[in-house]
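Trainee: Sharing a structure with you now.
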Amino acid sequence: MKILLTGAGGFIASVVLEKLLEQGCQVVAVARRRANIPVSDSVTFVQADLHHLTRMEDWSSMLRGVDAVINCAGILREPRKGDFDLVHFQAPKALVEACLQNGVERFVQVSALGTEQDGGFITSKHKFDDYLMRALPTAVVLRPSVVLSERGSYGGTSLLRALAALPYLLFIPGSGDQKIQPILLEDLASVVAQAATRTEDVQSLERSSGVAYTVGPEVITLREYLTLMRRWLKFPAAKLVSVPLSLIGLVAWIGQRLGAGPLNDTVWGMLQRGNYAEPGAYERSCEKFDYAPRSVKGYLQTSASFVQDRWHARLYLLREPIWLTLVVVWMLSGVAGIGAQPETFSPILKAMGLPEFLWRPMVWLTSAVDLALGVFLLSRRHMALAGQLMLACTLGYTLALGLLAPAVWLEPLGGLLKNLPLLCLLSVFLAVEKLR
């Protein structure tokens with residue numbers, strides 16, 4: 094079979110793609126970046142952004158020879174107002190219209206479990222779910238709860254893993270009684286692939302279509318999940334500390350407005366109200382797809398974690414403080430340099446052998462560069478490039494001062510020596526800058 098897969102480089106879709114290839118399928122992988130897609134003769138990569146695929150004709154050429162479509166595209170955060178509607182409704186709606194025109198009957202939508210109270214993410218997802226079932230009765234909509242992978246994490250599951258890994262203390266939201274019904278990604282991906290590769294006729298497809306809640310076999314509390322995760326990571330038991338829900342809500346609100354941090358309104362809303370299926374939904378899904386997902390609780394109790402799991406868990410929450418520290422250091426350094434008096438910088442520049450008429454312009458120039466790089470990093474656009482430029486500048490400053498005025502290495506407050514840990518911090522930031 095030939096299957097078109099949207100969001101092919103994402104957390105869920107990457108494993109779905111793996112399952113499809115195991116079944117011998119040809120896959121048209123639609124994603125923004127080639128680096129996230131495996132190199133295979135069975136994969137045709139299409140570089141595209143769903144923000145710009147909102148017309149039926151945008152999809153038509155991709156559907157040539159396609160037997161089924163799997164839509165895994167989604168965004169947890171809305172960078173610009175209206176992005177949820179574009180990515181979760183307008184673009185896949187145009188894809189459905191193209192499917193109808195090209196005679197593609199099989200369509201699998203990977204949606205999400207939740208209610209409209211959970212915000213724009215769920216509202217836009219479910220808006221398309223409703224449209225899809227009206228427009229294409231043979232379609233299948235899958236709504237998972239929290240998705241945990243055997244091999245990694247992303248988004249909300251990365252946040253939960255990081256919380257479980259904090260030293261000495263285990264912070265839980267409120268009482269920690271919020272309920273989730275997690276499923277292993279590998280089991281979810283098998284169901285997605287199975288739903289897309291059905292070989293029944295149209296009447297049979299309609300009978301097996303509809304909304305299915307692809308959740309795990311048990312409902313557990315966040316407190317239990319975090320405790321199990323900490324034990325799985327092989328960290329010693331920690332003291333449970335209840336964090337007021339209002340404080341977590343404030344952190345989520347700040348993260349949402351700044352477009353930064355692992356917590357936002359979407360993730361917090363879904364976790365706060367719980368994320369589990371109605372009674373009987375799990376059994377109906379198992380019967381419809383003839384599958385039995387493994388117990389996440391059992392998996393965490395019996396499987397092994399490795400050093401990369403612990404490193405990721407411990408480093409995850411450090412990414413934003415490192416980013417903020419670098420922004421503050423570079424911006425304040427720039428402001429301080431612009432306002433500095435000659436007696437502050439003249440001894441060093443004189444020791445370097447620079448002519449006096451260049452002292453002030455040199456200080457202003459380097460200060461302006463520092464300030465510009467701080468603002469560049471603050472904008473969160475091309476953060477890797479900003480970090481690389483900071484690393485290059487810091488290395489350049491250190492070499493220039495260290496070679497031309499070696500006495501500064503021995504300053505009592507260690508001004509130049511402090512560049513060495515700064516170089517290390519920048520290297521760590523560049524290592525953890527990408528979230529996927």
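Take 94 as the starting number for the sequence shown in my numbering and just add one per residue. Think of the CB as a built atom: it goes at the ideal place given N, C-alpha and C, for glycine as much as any other residue. Please read all numbers here as calculations on a predicted model, not as lab measurements.
1. Could you pull the start and end residues of the beta strand (DSSP E) that S426 belongs to?
2. Contact between the stretch 170-181 and the stretch 272-282 is defined here as three or more beta-carbon pairs at a separation below 8 angstroms; is this criterion met?
3. Compute the Euclidean distance between the alpha carbons of G167 and G102, then round it to the nearest angstrom.
4. Out of S204, K95 and C118, point me to the one whose CA is closest to R157's CA.
5. Using CA atoms only, rank isn't needed, just tell me which of A286, W325, L447 and L364 is closest to G248.
6. Using 8 angstroms as the threshold, is the C-beta distance between Y261 and A331 below it?
7. Can you tell me whether DSSP reads P454 as helix, strand or coil?
8. Closest to P230 by CA distance: which of K218, E243, E198 and I265 is it?
9. Based on DSSP bridge pairs, tell me the residues matched to Q140.
10. Go through the stretch 468-499 residue by residue and report every complete run of the alpha helix (DSSP H) that reaches 4 residues or more, in order.
11. Check whether the stretch 187-198 and the stretch 207-220 touch, using three or more Cβ-Cβ pairs below 8 angstroms as the test.
12. Can you tell me which of the three DSSP states G213 falls into?
13. Can you find the residues in the same chain that come closer than 6 angstroms, C-beta to C-beta, to H145, ignoring five residues on each side of it along the sequence?
14. Beta strand (DSSP E) containing V501: first to last residue?
15. Out of T290, L321 and V421, which has the shortest C-alpha to C-alpha gap to G391?
16. Please classify I347 as buried or exposed, where buried requires at least 16 other C-beta atoms within 10 Å of its C-beta.
17. Taking only three categories from DSSP, how would you classify R199?
18. Quick check on this structure: which residue in R403, F469, L464 and C486 has the alpha carbon closest to the alpha carbon of G245?
Mentor: According to the structure shown:
1. Position 333 of the sequence shown, counting from 1, holds the residue named residue 426. Taken as a continuous stretch (DSSP letters only), S426 belongs to no beta strand (DSSP E), being part of the alpha helix (DSSP H) at R412 to I431.
2. Contact fails: fewer than three Cβ-Cβ distances are below 8 angstroms.
3. For the purposes of this step, residue 167 is taken as residue 74 along the sequence shown, with counting starting at 1. For the purposes of this step, residue 102 is taken as residue 9 along the sequence shown, with counting starting at 1. About 11 angstroms.
4. The sequence position of residue 157 within the sequence shown is 64, counting from 1. Taking R157 as reference, the option from S204, K95 and C118 with the minimal CA-CA separation is K95.
5. Taking the first residue of the sequence shown as position 1, residue 248 is located at position 155. The option with the nearest alpha carbon to G248 is L364.
6. Stepping through the sequence shown from its first residue, residue 261 is reached at position 168. Stepping through the sequence shown from its first residue, residue 331 is reached at position 238. The answer is yes: Cβ separation under 8 angstroms.
7. For the purposes of this step, residue 454 is taken as residue 361 along the sequence shown, with counting starting at 1. Note: P454 maps to helix in three-state DSSP.
8. In the sequence shown, counting from the first residue as 1, residue 230 sits at position 137. P230 has its Cα closest to that of E198, out of K218, E243, E198 and I265.
9. Within the sequence shown, the letter at position 47 stands for residue 140. Paired residue(s): A124.
10. Counting only runs of at least 4 residues, the stretch 468-499 fully encloses the following alpha helix (DSSP H) elements, listed from N- to C-terminal order: 476-497.
11. With fewer than three CB-CB distances shorter than 8 angstroms, the stretch 187-198 does not count as touching the stretch 207-220.
12. By 1-based counting over the sequence shown, the position of residue 213 is 120. Helix, per DSSP.
13. Taking the sequence shown and counting its residues from 1, one reaches residue 145 at position 52. Sequence-distant Cβ neighbours of H145 in its own chain, meaning closer than 6 angstroms and more than five residues away, do not exist here.
14. Here residue 501 refers to the residue found at position 408 of the sequence shown. First-last for V501: undefined, no H or E at that position.
15. Indexing the sequence shown from 1 puts residue 391 at position 298. Minimum Cα distance to G391 is reached at L321.
16. For the purposes of this step, residue 347 is taken as the residue at position 254 of the sequence shown. Taking all protein chains shown into account, I347 has fewer than 16 neighbouring C-beta atoms within 10 Å of its C-beta and is therefore exposed.
17. For the purposes of this step, residue 199 is identified with residue 106 of the sequence shown, where counting begins at 1. Residue state, collapsed to three classes: strand.
18. The residue labelled residue 245 in the question sits at position 152 within the sequence shown. Closest option to G245, Cα to Cα, is R403.
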